[in-house]
Structures are given as C-alpha cells and as structure tokens.
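In my numbering, the protein residues as written are 5 to 487.
Below you can see the structure in the form of structure tokens.
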C-alpha cells in the first residue's frame, strides 16, 4: 500500500469514527434535550395521541378530551364549566401551551411521568396510562364566589384555616379554556390577548394590589405582639386628625363623626380609623411592621399553591410619613387575595398559618396515589392571645362596624373591610376589599376568605368593602360552612 492510499484510508477511518462518536453523543447525551425541545412537534403529537388525564373536583373531572376531526393531533382538551374553574385549571392548548395545573402536572396528565410507568416503560420511554390531579376545591364554594362576583372585575379565595386547603379560587372576568385548546383558535386567542380586563390573568394569585384597610389586621397584630399596646381594648395615643410625621399632610378618617381620637384597636378596626393605624405604624417603625408582615407571608418570592403566587410586598427604605401610610395599607404595600385570606386564616386558627394548597393528591390511571400534599403544615405567626383578641375585634367589625354584610345566622363571623386608593392622587375607582373568617361551632367547620372588587361599574361614592366585597365573602363562607 503506497503512502497516499494509506493516508486516505486513515482519514476515512477517522471520519467514520467521528460520525460514530457524533451519533453516539446525540443518542446518549442530546436525546433528552432534543425530545424536550419546545419546537419538537413530535412531543405535541405524542401528548395528544391519547386522551389526557383529568383535573378532579369533589370526585368528578372538570376536564376531558375530545377526538379531533383532522390533523396529526388525535385529541384535544375539553373543559366542564371552563370559565368557572379557569383560575384553578389554567388552560391546555395544542397551539399555546399549558398554564397552572395543566402545565405543572403536564407529564402526569399526558402519561410521560416516570412514576406512572412500570420498569419496562421507564427503559423504553413508552407512555403510560395518564394520571389525574385531585384538587381541594369545593364546587359549592367555587360556584358561590363566581356567581357573586358576576360581571365585576375582581377575585376571591377561600381556604380552610386548619388544613390550608384552598376551597375556592375565582378570578373575574373569566374565560373558557375550551375556546383556545385547539390549533385553529387564533381569533379567540387574540381576543383574550387584547382584552383590556386581562381575563387570562389569575387575579387571585397573580395581581397584587393595595390592600387598603384590610392590612390594618397586620398592623394590629404587630402592635400587640411588640407590646405597643397590651390589649385591643386599651386606649391608643392617636390624635384625630393625624398629621403625617415630618409633613404638614393631615390624614383624616372616612367618617368625621367616628370616635377615632385615642380609640382602642377594637374601635379603630370597627370604624376603620386611619389616624390610629397610621400612628401605630409610625410608632412601631417599618422594621417591626415588615417582620410581622413577613410572618403572614408578605415578601415571600416562592409561594406555590402549587401555582406560584406573585409576591405580596411590604416596602423598604421609607421615611416616617411613608411608614405611617403603610399602616392603612397604602403607599407601596401590595397584596393578593390569596395573601389576605392567609392573614384571616392565621388569626382564625389561633395564630398558626397552615400552608395553602389546592391539590390534595396526584394519582395514576387506576386511582393509586403517587403523591400526597399534607394538610395542616403550620407555622406560628402570632400568639394565641393575640389571635383571640383580634378575632374578637373582627367579630365587632361584622356585628357592629363596617362589615355587617358578612353576617351569617348561627355562625361566628369576623372580618375587616378595606377601600384602597387607586391611581395618581386616587384618580381611579378605588378597590373594594374584604377579608374574614367564619366558624360554625355546631359542626366544627370553618373558613377564611378574601375578596377584592377592582371595578364593579358602581359610582365612586358607592364603592366600599362592605357594599361590594363583603356580600361575595358572605356567600362563600355560607357555602363552606354548609359543605
């Protein structure tokens, strides 16, 4: 063999080895990355090659699958009462992907989760029978919230204070995920994207707003826990009107005739006295207030229920006047309805906050549990004594104060109203808030709720937490106690 042939042979051998090495690399190391690539249509074809697993509410599926009439995607997602449960399920779309429970548990619902497979299936990668996601949602509570909010723009959350189970989660205006589940739904998708009310946004979890006077429960908790006042019935040092520290700005109360001067915390909650809570906030200082807020869940970046909630925020680096304004839930304080439900839940459960969750278990196609989510995983937020005092004051709000529309015959109901400024110089329609708890001593059932109405179409003068949000909360709590 001459030198030229030998060199050519060696070169060809090296090319063959390089090709073998590259093929091995792709098959062994790149295979998963290629398989998981969002642009790999084979994944979408495989996902919709068989009916999907379901999202379950009270033992019944609120999702389904429908055989398609054409194309290479055999099935598409369908929804029972889609608009009612959209804030829970999210959407599963052949064209636009998946969100919320549809997205988080996508591998369970399409049968690719390794926990669904037998040993042979794990090796071969063959899809197993899809599994299901079992939620904690109570259909009666869900329906009560959805119907009560009606055409209003807003959101509502209900949870069991002892277990942390989310019983209802509604965001309005809603949408029907069935309208965007296929591949030819561009018009419906564009309409949702252009919707000025942003119906795709889950307001219960993903839209923090100024909580207004509902935040006064956090401030009152800080006042008692830090010893600023020993009791909700101790007189405070609160001039009326109150001038914000270091300024000439006078903070007044909604009702000039309310007995707010040096009022007790009970009276201040009953009449929602701004002067009292602004002064308390200034006296405590932002660090103590922030520490209290964070115990309730503010400033937590990763609150997963399991859908991730946007962080509710207590601001930093404020002067004394700004700190005083946070005492009435203004300045840069923001909260989601989920967060404010957590505040009432902690006070209802003796000062302990149970981790909120809306999935109880994940099962395989035969109903065998693959994963359970524990109830009652709690952390102490305030002492039992502080919680008991604030519950007592919240009952006064409902019985004799600004929250009378939340009353339920035969049940203990305590709550707090809020009307939060919105826009520059409060130029936009205020937000109406209500957060509360209810207990039925006879049955032992209890519930905590939070409701925000961003816009009801009502005249500005008619916007109030008691007028707009409390009736929604009352219907949710009544449904929860009857379950």
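Ideal Cβ positions, reconstructed from N, Cα and C, are used throughout, including at glycine.
| Item | Value |
| --- | --- |
| Using the beta-carbon count (16 or more within 10 Å), is residue 142 buried or exposed? | buried |
| Rank 140, 108 and 114 by C-alpha distance to the C-alpha of residue 4 and give the top, closest one. | Since the first residue of the chain shown is 5 and the last is 487, residue 4 is not available in this structure. |
| Give me the Cα-Cα distance between residue 343 and residue 200, rounded to the nearest whole angstrom. | 25 angstroms |
| Looking at chain C, is there any beta carbon in it that lies within less than 7 angstroms of the beta carbon of residue 141? | Within the model displayed, chain C is absent; a lone protein chain is all it includes. |
| Just tell me which of 383, 196 and 270 has its CA closest to the CA of residue 405. | 270 |
| Work out the CA separation of residue 454 and residue 448 for me, nearest whole Å. | 21 angstroms |
| Tell me whether residue 243 is buried or exposed, calling it buried when 16 or more other Cβ atoms sit within 10 Å of its Cβ. | exposed |
| Using 8 angstroms as the threshold, is the stretch 474-484 in touch with the stretch 156-165, meaning 3 or more CB pairs across them? | yes |
| What are the start and end residues of the beta strand (DSSP E) that includes residue 425? | Run containing residue 425: none; DSSP gives neither H nor E here. |
| Relative to the alpha-carbon of residue 219, which residue among 318, 187 and 147 has its alpha-carbon at the smallest distance? | 318 |
| For the pair the stretch 103-120 and the stretch 325-342, tell me if three or more CB-CB distances fall below 8 angstroms. | no |
| Using a Cβ-Cβ cutoff of less than 8 angstroms, which residues in the same chain neighbour residue 111 once the five nearest sequence positions on both sides are dropped? | 117 |
| Could you check the C-alpha separation between residue 416 and residue 450 for me, to the nearest Å? | 9 angstroms |
| Going by DSSP in three states, residue 329 sits in which element: helix, strand or coil? | helix |
| Using 6 angstroms as the cut-off, classify the Cβ of residue 52 as near or not near the heavy atoms of the ligand FAD, replying yes or no. | As far as ligands go, the structure on display features none, and thus does not contain the ligand FAD. |
| Could you check what DSSP says for residue 350 in three-state terms: helix, strand or coil? | helix |
| Are residue 60 and residue 93 closer than 7 angstroms when you measure CB to CB? | no |
| Rounding to the nearest angstrom, what Cα-Cα distance links residue 186 and residue 194 in this structure? | 14 angstroms |
| May I ask you to report which of helix, strand or coil DSSP gives residue 38? | Residue placement at residue 38 is flagged as unreliable, the pLDDT there being 45, under the threshold of 50; the coordinate-derived value follows with that caveat. Helix at residue 38. |
| Consult DSSP for residue 77 and reduce its assignment to one of helix, strand or coil. | coil |
| List the DSSP bridge partners of residue 173. | 161 |
| Hey, quick one: how far does the beta strand (DSSP E) through residue 67 stretch, first residue to last? | 67-71 |
| What does the alpha-carbon distance come out to for the pair residue 443 and residue 198? | 42 angstroms |
| Cutting at 6 angstroms between CB atoms, please list the residues of its own chain near residue 294, excluding the five before and the five after it. | 318 |
| Leaving out the 5 sequence neighbours to the left and right, which residues in its chain are closer than 6 angstroms to residue 3 when beta-carbon positions are compared? | In the structure displayed, the chain extends from 5 to 487; residue 3 sits before or after that span and is not available. |
| Output needed for residue 365: all residues of its chain with C-beta closer than 6 angstroms, excluding positions within five of it in sequence on either side, in chain order. | 138, 373 and 376 |
| Output the distance between the C-alpha atoms of residue 3 and residue 203, rounded to the nearest integer angstrom. | Only positions 5 to 487 of the chain appear in this structure, which leaves residue 3 out of reach. |
| Find the nearest neighbour of residue 424 within the set 356, 340 and 418, judged by alpha-carbon distance. | 340 |
| Report the residue from 464, 465 and 452 whose alpha carbon sits nearest the alpha carbon of residue 484. | 452 |
| Within a Cβ cutoff of 7 angstroms, which residues of the same chain sit near residue 2, ignoring the five residues on either side of it in sequence? | Past the boundaries of the shown model lies residue 2; the chain is included only from 5 to 487, so the question cannot be answered. |
| Pick from 50, 311 and 316: whose alpha carbon is nearest that of residue 305? | 316 |
| Going by DSSP, which residues form a beta bridge with residue 60? | 65 and 138 |
| For the stretch 163-236, list the beta strand (DSSP E) runs that are entirely contained and at least 3 residues long, ordered along the chain. | 170-176 |
| Helix, strand or coil: which one does DSSP assign to residue 443? | strand |
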